[in-house]
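Numbering (the working numbering), first residue to last: 1007 to 1084. Step one of this worksheet: look at the structure below.
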């Protein structure tokens, strides 16, 4: 997850100006949406077989390793 600080400006700038909150949040959301659309338009759409290959060869083993590590940490710190 990405958290950009909600309605607050970075580095504590203008913390006491409450009226800016909604505009700051709107600006952050619009920048993030622009970045998503820009990246999506820049990268070509993968074919179905490429997605399936990526899922089976990378995501499934990664998730199994993550589950194994989580189980080990749960047992260790229980």
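Heads up, the beta-carbon is just placed ideally off N, CA and C, and yes, glycines get one too. Treat the numbers as computed from the prediction; the structure is a model and nothing was measured.
For residue 1119, does the count of other Cβ atoms within 10 angstroms reach 16, so buried, or fall short, so exposed?
Look at the range of the chain in this structure, 1007 to 1084, and you will see that residue 1119 is not part of it.
Does the CB of residue 1068 have a neighbour CB from chain B at under 8 Å?
In summary, chain B is missing from the structure at hand, where a single protein chain is found.
Judging by CA-CA distance, which residue of 1018, 1038 and 1022 is the nearest neighbour of residue 1009?
1038
Go to residue 1075, then tell me how far its alpha helix (DSSP H) extends in each direction, as first and last residue.
1066-1082 is the span of the alpha helix (DSSP H), which, as asked, contains residue 1075.
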